[in-house]
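If you count by the working numbering, then the sequence shown holds residues 1 to 744, one letter each, in order.
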Amino acid sequence: MLGLAVAFTVGSDGSIGLRSARAALIIHAPDGHAVVPPGPDSVPDAPLSPVIGPNGIGPAMAGPDTPRSDTAGSGSPPDTTAPAAVPPDTPLDVQPPGPARPDTPLLLATDADARAVQLTEEDADRYRRIFALQERADWDAADAEIGRLTDRRLIGYVLRQRYLHPDRRASYDELARWMQDYGDLAGAERVHNLAQKRQPAGQRAPKPPRGEERVRLVGSLEELGGLRTIPAKEANAEADGAEGNDNVTVAPRSRTVSRARGDRAAVARVDELLRGGRSSHALSLLGQDEFGGKLDSVQYDAARARIATSLYYSGEATQALALASASAARSGDALPDAHWIAGLAAWRLNQIDRAARHFEGMAAAGPRSPWKAAAADYWAARALARKGKSREATEHLTAAARYPHTFYGLIALRTLGSVGDVRWQAPDLSGRSLAALAAKPAGARAIALIQAGQRELAGLELQRIHPQGDPLVEQALVALADRTGMPTLSLRLGNAVAGPDGAPYAAALYPLPSWSPRDGFAVDRALVFAVMRQESRFDPRLVSSAGATGLMQILPSTAQHVKERNADIGRDDADRDALFDPARNMELGQRYLSELLGMPDINGNLFLAAAAYNAGPGTLARWRRELSDITDPLLFIESLPFGETRDYVEKVMANFWIYRLRLGQETASLDAVADGKWPAYAPVDNRATQVATRPDASPAVKPVPIPAAPVLETPAREAATTETAVAEKPDPTVAERDEAMPIP
1 MLGLAVAFTV GSDGSIGLRS ARAALIIHAP DGHAVVPPGP DSVPDAPLSP
51 VIGPNGIGPA MAGPDTPRSD TAGSGSPPDT TAPAAVPPDT PLDVQPPGPA
101 RPDTPLLLAT DADARAVQLT EEDADRYRRI FALQERADWD AADAEIGRLT
151 DRRLIGYVLR QRYLHPDRRA SYDELARWMQ DYGDLAGAER VHNLAQKRQP
201 AGQRAPKPPR GEERVRLVGS LEELGGLRTI PAKEANAEAD GAEGNDNVTV
251 APRSRTVSRA RGDRAAVARV DELLRGGRSS HALSLLGQDE FGGKLDSVQY
301 DAARARIATS LYYSGEATQA LALASASAAR SGDALPDAHW IAGLAAWRLN
351 QIDRAARHFE GMAAAGPRSP WKAAAADYWA ARALARKGKS REATEHLTAA
401 ARYPHTFYGL IALRTLGSVG DVRWQAPDLS GRSLAALAAK PAGARAIALI
451 QAGQRELAGL ELQRIHPQGD PLVEQALVAL ADRTGMPTLS LRLGNAVAGP
501 DGAPYAAALY PLPSWSPRDG FAVDRALVFA VMRQESRFDP RLVSSAGATG
551 LMQILPSTAQ HVKERNADIG RDDADRDALF DPARNMELGQ RYLSELLGMP
601 DINGNLFLAA AAYNAGPGTL ARWRRELSDI TDPLLFIESL PFGETRDYVE
651 KVMANFWIYR LRLGQETASL DAVADGKWPA YAPVDNRATQ VATRPDASPA
701 VKPVPIPAAP VLETPAREAA TTETAVAEKP DPTVAERDEA MPIP
């Protein structure tokens, strides 16, 4: 839950400053008590807020999108094909185990209601022994233990392990009988595939799996802005800005255009030319009656705005502004993205008045994505502050701060010096909630599988359960995913399940995996988790169409590159199968990430490192040459030619800042961005592993100079909160310096 604690101060030049009553981001620890993270976030009297004077505010967001690089370090623009999971008949040695949880208790809860739906401690321990014995092919000992079971609800899984074991060749009759009796279990498709391969000629085909589809958890509270209560009309809107694309979308309320075949053909032809980089030809075609004449005004303006978008990302800001502003003037309410491109182009051309009008227009049009809504309001605040309109700028900053899980929402919160109150604890696992879950067959099996140490299979069962609005089932799902280390399931649930107060469970949206790199963390957990969350959503089996694999989506070529540069990484640590193992995938990923951060041209710059991880360092180097005239960090990100990379940088940075907060760590890089500077990586998990020469090392691309903010009169500090300042501290962050913060 969020609250704003803001007070105003007035400088000698009439500029308005915002000071927080207590500038701190407050989180709640698992036991419910409030925790104020150390460092810049907890300075009680530091004004984390803007001086909104004639010299202006600060930086920017991901605009419309394009293809993405599926890669850690592919060096080439990405492909757009959706990632695919590893085929279900992948050999057992490729299936990665989940995060090890040796401390998982035999009983998940001990009250009477909970005991009634769980395995007894004796059976839970016996199942653990059975699975371990069968893993090493000790069938006789396993059979002896099976004979002592009193609760046989997991026998189907015991047989599944046995029949799929590489040291035992199951007959077709055994496999077909298993499908007959247990075809509704999670993972039945692997048994079915094996049965089909062993089906004798003339035999009836084995029964197909039953109920194997995962439940599609519809709606995404995260994409709708994060930790807040969502109005119904927003919850029903598509988050069209959540993924990268450069299409100019038409607002739903304005979709009165016709769908005639000629209209579609004309639009398709324009889009085909734009994909081929032929913007001028597309514009010429649009002016011909046989093409443009077939479109109504909104369709025509949408096509023209797409051409403007292509021109802007090709470096033609002047022509892009002319076309986008013309579309926005006539159809801006229906085409908020036309305002966006016009605003960026005007800002790049230093036409701040025009930029302000367009960003305000985009905000007023109501973008359908919270990421774009926060961007529009934040950029409107920047432009209005440059014009000296402090009150209006503050209103737009406050509007952007309504979306605290978005890139610009976080920057706006930091600029305002607001107090964020996020409850990180997952719900309790009570006997009532466990019993509600166990009333579903898949839930009863999942509970037993967790007790038996089979988290992978338990997760598959839990993914198939639809809560159907039952809050007890929802609470049990979230609690089990959190307590047993199932980050993929946690994230899925966090996007679809709200707590009693209507807000999503923050702990589920930003889970803390128990996986770790093979040799331990050399890069801060917050950054590694931020990349994993965006790359794979914590799915260790994920494979993209380009071959990027596992938690950090490592390409085989990148794995070989890292192996060649690190003598301690063997061939088996970098082969295709190794990429499915969380520990080895994370080791390769963090080595590559560390290499990128340490490159002289990146020098710890988090924006540039994220862009290079997504699109490759060679591609980033080319973009920097093409955008060498841009020194504003946020405008640089918004001007990257590939929308996938623009989106990626912002998503990873938002993840990174939120993980910093969840871990109770300082957020100096967020302070830097809110202050108009480039964000530098400064390790806090292990300060000996710094990549940059110093946390505030100047990046290769210099930030835009920010006019010094006037020193405001501040109330005398109370003795209880007075602390002696550290002498000679270089480059204080926003939260550390004793003056109001300008919006750069």
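Beta carbons are placed, not taken as given, at the ideal position from N, Cα and C, and that holds for glycine.
Just so you know, these numbers come straight off a predicted model, no measurement behind them.
Presumed contact (8 Å Cβ cut-off) between residue i and residue j, rounded CB distance
{"i": "glycine 431", "j": "aspartate 113", "result": "3 Å"}
{"i": "isoleucine 637", "j": "phenylalanine 607", "result": "6 Å"}
{"i": "arginine 269", "j": "leucine 283", "result": "So it is not a contact: roughly 12 Å between Cβ atoms."}
{"i": "leucine 163", "j": "proline 200", "result": "Looking at the sequence provided, one finds tyrosine at residue 163 rather than leucine. With a Cβ gap of about 17 Å, tyrosine 163 and proline 200 do not count as contacting."}
Sub-8 Å separation of residue i and residue j beta-carbons
{"i": "isoleucine 341", "j": "alanine 376", "result": "no"}
{"i": "alanine 346", "j": "alanine 374", "result": "no"}
{"i": "leucine 460", "j": "alanine 481", "result": "no"}
{"i": "aspartate 184", "j": "arginine 204", "result": "no"}
{"i": "proline 208", "j": "alanine 176", "result": "no"}
{"i": "alanine 476", "j": "serine 433", "result": "yes"}
{"i": "threonine 415", "j": "arginine 455", "result": "no"}
{"i": "leucine 472", "j": "alanine 458", "result": "no"}
{"i": "alanine 680", "j": "asparagine 605", "result": "yes"}
{"i": "leucine 295", "j": "alanine 303", "result": "yes"}
{"i": "leucine 154", "j": "alanine 142", "result": "no"}
{"i": "leucine 491", "j": "phenylalanine 538", "result": "yes"}
{"i": "leucine 588", "j": "alanine 574", "result": "yes"}
{"i": "alanine 317", "j": "arginine 348", "result": "yes"}
{"i": "valine 652", "j": "alanine 530", "result": "yes"}
{"i": "glutamine 118", "j": "isoleucine 447", "result": "yes"}
Three-state secondary structure assigned by DSSP to residue i
{"i": "leucine 335", "result": "coil"}
{"i": "alanine 498", "result": "strand"}
{"i": "isoleucine 746", "result": "Residue 746 is absent from the model: the chain starts at 1 and stops at 744."}
{"i": "alanine 328", "result": "helix"}
{"i": "aspartate 539", "result": "coil"}
{"i": "aspartate 671", "result": "helix"}
{"i": "asparagine 605", "result": "strand"}
{"i": "isoleucine 26", "result": "At isoleucine 26, the pLDDT of 33 sits below 50, so the modelled position is not reliable and the matter cannot be decided from this model."}
{"i": "proline 744", "result": "coil"}
{"i": "threonine 689", "result": "With a pLDDT of 39 at threonine 689, under the threshold of 50, the modelled position of this residue cannot be trusted, and the question is left open."}
{"i": "threonine 549", "result": "strand"}
{"i": "alanine 421", "result": "Note that residue 421 is aspartate in the sequence shown here, rather than alanine. It is a strand residue."}
{"i": "proline 504", "result": "strand"}
{"i": "alanine 530", "result": "helix"}
{"i": "alanine 680", "result": "strand"}
{"i": "asparagine 566", "result": "coil"}
{"i": "threonine 120", "result": "coil"}
{"i": "tryptophan 139", "result": "helix"}
{"i": "histidine 33", "result": "Its pLDDT being 32, under 50, histidine 33 is placed unreliably by the model, and the measurement read from it follows with that caveat. Coil, per DSSP."}
{"i": "leucine 48", "result": "In this predicted model, leucine 48 has a pLDDT of only 34, less than 50, meaning its place in the structure is not dependable; the value taken from the coordinates is given anyway. Three-state DSSP puts leucine 48 in coil, outside helix and strand."}
{"i": "lysine 389", "result": "coil"}
{"i": "valine 523", "result": "coil"}
{"i": "serine 594", "result": "helix"}
{"i": "alanine 373", "result": "helix"}
{"i": "asparagine 350", "result": "coil"}
{"i": "proline 105", "result": "coil"}
Residue burial classification, residue i (beta-carbon count within 10 angstroms, cutoff 16)
{"i": "histidine 358", "result": "buried"}
{"i": "serine 327", "result": "buried"}
{"i": "aspartate 647", "result": "buried"}
{"i": "isoleucine 743", "result": "buried"}
{"i": "proline 500", "result": "exposed"}
{"i": "serine 545", "result": "exposed"}
{"i": "threonine 150", "result": "exposed"}
{"i": "histidine 405", "result": "buried"}
{"i": "asparagine 350", "result": "exposed"}
{"i": "serine 331", "result": "buried"}
{"i": "histidine 192", "result": "buried"}
{"i": "aspartate 301", "result": "buried"}
{"i": "lysine 440", "result": "buried"}
{"i": "valine 167", "result": "Here residue 167 is aspartate; the residue named in the question, valine, does not match the sequence. By the 10 Å Cβ count, aspartate 167 comes out exposed."}
{"i": "histidine 339", "result": "buried"}
{"i": "glutamate 564", "result": "exposed"}
{"i": "glycine 417", "result": "buried"}
Any contact between the segment 637 to 646 and the segment 578 to 598? By contact I mean 3 or more CB pairs, one from each, below 8 Å.
With a cut-off of 8 Å, the segment 578 to 598 and the segment 637 to 646 do not count as touching, because too few Cβ pairs lie within range.
Quick one: any contact between the segment 145 to 160 and the segment 416 to 428, if contact means 3 or more CB pairs under 8 Å?
Result no; under three Cβ-Cβ pairs closer than 8 Å.
Say whether the segment 617 to 635 touches the segment 668 to 686, bearing in mind that this needs 3 or more beta-carbon pairs closer than 8 Å, one atom from each stretch.
Taking 8 Å as the limit for Cβ pairs, the verdict is that the segment 668 to 686 does touch the segment 617 to 635.
Three Cβ pairs or more, each shorter than 8 Å: is that satisfied between the segment 501 to 513 and the segment 653 to 668?
Enough Cβ pairs lie closer than 8 Å, so yes.
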